[in-house]
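K.L.:
Pasting a structure below so you can have a look.
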Amino acid sequence: MTTTAITNIASLVTNDPSLGDGSPLGRILDAAVVIEGDRVVWTGESSKAPDTDNAVDAGGRAVIPGFVDSHSHLLFAGDRTEEFNARMSGRPYTAGGIRTTVAATRAATDDELDANVARYLAEALRQGTTTFETKSGYGLTVEDEARALRIAARHTDEVTYLGAHVVPPDYADDPAGYVDLVTGPMLDACAPYARWVDVFCEKGAFDGDQARAILTAGLAKGLHPRVHANQLGHGPGVQLAVELDAASADHCTHLTDADVDALAQGDTVATLLPGAEFSTRANWPDARRLLDAGATVALSTDCNPGSSFTSSMPFCIALAVRDMGMTPDEALWSATAGGAAALRRTDIGRIAPGARADLVLLDAPSHVHLAYRPGVPLVRAVRQRGERAL
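So, in structure tokens, the structure goes:
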């Protein structure tokens, strides 16, 4: 395999505290990175870089790990522009919300769904995302959930079964029957394509007992839990996530002190999704409270057509810094290494020997510009698995 050195890096974020300045970001100034195949094999000061087959001059720009988007809903069809417009205009809207997306997704062809996923992935890549998780949840029938996951698995290894998104209209009078479907035939059809099982544990969706049944059924099939937890109000989602050693509790907008303590003492990552609060004008999650307690925090886009239609991790970083009490360093770590932790991965989210060579070159001298210059397209180049992807 050939080796490539990226040199003349003004600021390299490694996310390895044993490197560089010893901070959580492991920042190295005037740095270089050496890639062999799809892996990082060396990092350090540019003047000490070993000889390589190829060299790339970063031109005094910053290099950061590729973003790890650990929560998205990309398997959908249709559009909910009118819903968003009404919400932002202070008008009531009764056109169906998620039911609109379910109907459009069921009606879409496999090719249409596949093209949509590819489109949003390309959009995310242009903004520096090199790893993403995505879910089913807009089919809500055995056939439609299974085909969503089958399509998702063509694009990523991080596939999540979310048959328990909401109770569909055809089961409105029989939610227990739908839970039986989700934990039975639907799970059997979906498990071969998924790594994770998720549930929307919230008033109006699935209560604690239903969520426990769904997650434990997934565990029995070899799927590891993640939980949509405590988005709309206080509830059992976070405590259940920690109890079942879920990889992540996602949203975490409404937390008690006991919830914060549980997240701080367990291995479950608190994944915060500021795009949802931005798009719904809801209260912001208190990242500062979680971080000060010692919880591991991730940032993700929650890209979906209803409540957070953004694929931009830089945008979420800017929101987290401006409105959620995070420093620029903490927000970047959470969007990279934090996302990797939420997927229980150690090969991504960092730039250190042995890690996968997912790197983003910013058209800026420092990662701080991601929050300092919100809305500006700062991603100049992306390497994914060592290869130039953008």
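Position 30 of the sequence shown, counted from 1, bears residue number 49 in this note's numbering, the numbering being contiguous throughout.
Don't be surprised by glycine CBs; every beta carbon is placed ideally from N, CA and C.
Predicted, not measured: the structure shown is a model, and the values here were computed from it.
(1) Report the option in D70, A383, W215 whose CA atom is closest to the CA atom of R245.
(2) Is it right to say T272 is buried, meaning 16 or more other beta carbons lie within 10 angstroms of its own, or is it exposed?
(3) In whole angstroms, what is the alpha-carbon distance linking V395 and L291?
(4) Exposed or buried, A281, counting other C-beta atoms within 10 Å across all chains shown (16 or more means buried)?
(5) Along the chain, where does the beta strand (DSSP E) containing R245 start, and where does it finish?
(6) To which residues of the same chain is A40 closer than 6 Å at the C-beta, ignoring the five residues directly before and after it?
(7) Identify, in the order they occur along the chain, each residue of the same chain with its Cβ nearer than 8 Å to the Cβ of V198, setting aside the five sequence neighbours on each side.
(8) Measuring alpha carbon to alpha carbon, tell me which of D377, A141, V218, E152 ends up nearest L159.
(9) Looking only at its chain, what residues have a beta carbon closer than 7 Å to the beta carbon of A314, apart from the 5 residues adjacent to it on each side?
(10) If you reduce the DSSP assignment to three classes, tell me which class C220 lands in.
(11) Give the single residue among S155, R169, L206, A265 whose Cα lies nearest to the Cα of L181.
(12) Would you call the segment 356 to 372 and the segment 264 to 271 in contact, with 3 or more CB pairs under 8 Å?
(13) I'd like to know whether the C-beta atoms of V401 and S353 end up nearer to each other than 7 Å.
(14) By DSSP, does G158 sit in helix, in strand, or in coil?
(15) Of the choices D70, I28, S89, P84, whose alpha-carbon is the least far from that of A64?
(16) Nearest to T179 by alpha carbon, out of L381, L31, R169, M107?
(17) Classify E164: buried if its beta carbon has 16 or more other beta carbons within 10 angstroms, exposed otherwise.
(18) Assuming T329 contacts G294 under a Cβ cut-off of 8 Å, what Cβ separation, rounded to an integer in Å, is found between them?
(19) Can you name the start and end residues of the alpha helix (DSSP H) that Q146 belongs to?
(20) Within a Cβ cutoff of 7 Å, which residues of the same chain sit near L38, ignoring the five residues on either side of it in sequence?
(21) I'd like to know whether the C-beta atoms of L318 and A339 end up nearer to each other than 7 Å.
(22) Rounded to whole angstroms, what is the Cα-Cα separation between Q11 and E102?
(23) State buried or exposed for E152, treating a residue as buried only when at least 16 other CB atoms are found within 10 Å of its CB.
(24) Kindly provide the ranges of any beta strand (DSSP E) runs that are 3 or more residues long and lie completely inside the segment 222 to 310, ordered along the chain.
(25) On the DSSP bridge list, what partners appear for N323?
(26) Can you have a look at E131 and say buried or exposed, based on whether 16 or more other CB atoms are within 10 angstroms of its CB?
(27) For V136, which of N34, A96, P333, Y212 has the nearest alpha-carbon?
(28) Thinking C-alpha only, which one of L31, V32, D35, A51 is nearest T23?
(29) What is the DSSP secondary structure of T120, reduced to helix, strand or coil?
(30) Residue ranges of each alpha helix (DSSP H) run of no fewer than 4 residues wholly in the segment 186 to 215, ordered along the chain?
(31) Got a sec, what are the start and stop residues for the alpha helix (DSSP H) N411 sits in?
(32) Please classify N34: does DSSP put it in a helix, a strand, or coil?
(33) Mapping the DSSP letters down to three states, classify A359 as helix, strand or coil.
(34) Buried or exposed: which applies to S89, given that a residue is buried once 16 or more other Cβ atoms fall within 10 Å of its Cβ?
(35) Tell me the DSSP bridge mates of G63?
(36) For my contact list, G368 and P187 are in at a C-beta cut-off of 8 Å; report their separation, rounded to the angstrom.
P.N.:
With the given structure in hand:
(1) The residue given as residue 245 occupies position 226 in the sequence shown. Measuring from the Cα of R245, the nearest candidate turns out to be W215.
(2) Taking the first residue of the sequence shown as 1, we reach residue 272 at position 253. By the neighbour-count rule (16 or more Cβ atoms within 10 Å), T272 is buried.
(3) Counting from 1 along the sequence shown, the entry for residue 395 is found at position 376. Counting from 1 along the sequence shown, the entry for residue 291 is found at position 272. Taking the straight line joining both Cα atoms gives about 22 Å.
(4) The sequence position of residue 281 within the sequence shown is 262, counting from 1. Buried, by the Cβ-count rule.
(5) Within the sequence shown, numbered from 1, the residue matching residue 245 stands at position 226. Segment 243 to 248, the beta strand (DSSP E) holding R245.
(6) Mapped onto the sequence shown, residue 40 falls at position 21. Note that residue 40 is Asp in the sequence shown here, rather than Ala. Hits under 6 Å: R46.
(7) For this step, residue 198 is matched to residue 179 along the sequence shown. Counting only Cβ-Cβ distances below 8 Å, and skipping sequence neighbours, we find A183, F225, Q229, A232, I233.
(8) The residue given as residue 159 occupies position 140 in the sequence shown. Comparing alpha carbon positions, the residue from D377, A141, V218, E152 closest to L159 is V218.
(9) The count along the sequence shown starts at 1 and reaches residue 314 at position 295. Hits under 7 Å: V279, L282, A283, A289.
(10) Your numbering for residue 220 matches position 201 in the sequence shown. Three-state result, C220: strand.
(11) Taking the first residue of the sequence shown as position 1, residue 181 is located at position 162. The candidate whose alpha carbon is nearest that of L181 is S155.
(12) yes
(13) For the purposes of this step, residue 401 is identified with residue 382 of the sequence shown, where counting begins at 1. For the purposes of this step, residue 353 is identified with residue 334 of the sequence shown, where counting begins at 1. It is not a contact, given that the beta carbons lie outside the stated cut-off.
(14) One-based indexing of the sequence shown puts residue 158 at position 139. In this structure, G158 counts as coil in the three-state DSSP scheme.
(15) As a first step, residue 64 is located in the sequence shown; it is residue number 45 there, counting from the start. A quick correction: the sequence has Glu, not Ala, at residue 64. Minimum Cα distance to E64 is reached at I28.
(16) Position 160 of the sequence shown, counted from the start, is the residue given in the question as residue 179. Measuring from the Cα of T179, the nearest candidate turns out to be R169.
(17) For the purposes of this step, residue 164 is taken as the residue at position 145 of the sequence shown. Flag for E164 reads buried.
(18) Position 310 of the sequence shown holds residue 329. Position 275 of the sequence shown holds residue 294. Going by Cβ atoms, the distance from T329 to G294 rounds to 5 Å, so yes, they are a contact pair.
(19) Position 127 of the sequence shown, counted from the start, is the residue given in the question as residue 146. From DSSP, Q146 is part of no alpha helix (DSSP H); its letter is neither H nor E.
(20) Against the sequence shown, residue 38 aligns to sequence position 19. Cβ within range, chain order: G45, I47, T62, A371.
(21) In the sequence shown, the residue the question calls residue 318 occupies position 299. In the sequence shown, the residue the question calls residue 339 occupies position 320. Yes, these two residues count as a Cβ contact at 7 Å.
(22) There is simply no residue 11 to check, as the chain begins at 20 and stops at 409 in what is shown.
(23) Here residue 152 refers to the residue found at position 133 of the sequence shown. So E152 ends up on the buried side.
(24) 243 to 248, 267 to 270, 288 to 291
(25) Stepping through the sequence shown from its first residue, residue 323 is reached at position 304. For N323, DSSP records a beta bridge to S327.
(26) If you number the sequence shown from 1, residue 131 lands on position 112. With fewer than 16 Cβ atoms within 10 Å of its Cβ, E131 is classed as exposed.
(27) One-based indexing of the sequence shown puts residue 136 at position 117. Checked all of N34, A96, P333, Y212; the closest Cα to V136 is A96.
(28) For the purposes of this step, residue 23 is taken as residue 4 along the sequence shown, with counting starting at 1. Nearest of L31, V32, D35, A51 to T23, Cα basis: A51.
(29) Taking the first residue of the sequence shown as position 1, residue 120 is located at position 101. DSSP places T120 in the helix class (H, G or I) of the three-state scheme.
(30) 194 to 202, 204 to 209
(31) Because the chain in this structure spans residues 20 to 409, residue 411 falls outside the shown range and cannot be described.
(32) Here residue 34 refers to the residue found at position 15 of the sequence shown. The answer is coil: DSSP assigns N34 none of H, G, I, E or B.
(33) As a first step, residue 359 must be located in the sequence shown, where it is residue number 340. Helix at A359.
(34) Residue 89 sits at position 70 when you count from the first residue of the sequence shown. S89 should be labelled buried.
(35) Position 44 of the sequence shown, counted from the first residue, corresponds to residue 63. Paired residues: A51.
(36) Translated into the one-based positions of the sequence shown, residue 368 becomes position 349. Translated into the one-based positions of the sequence shown, residue 187 becomes position 168. That pair is no contact at about 35 Å.
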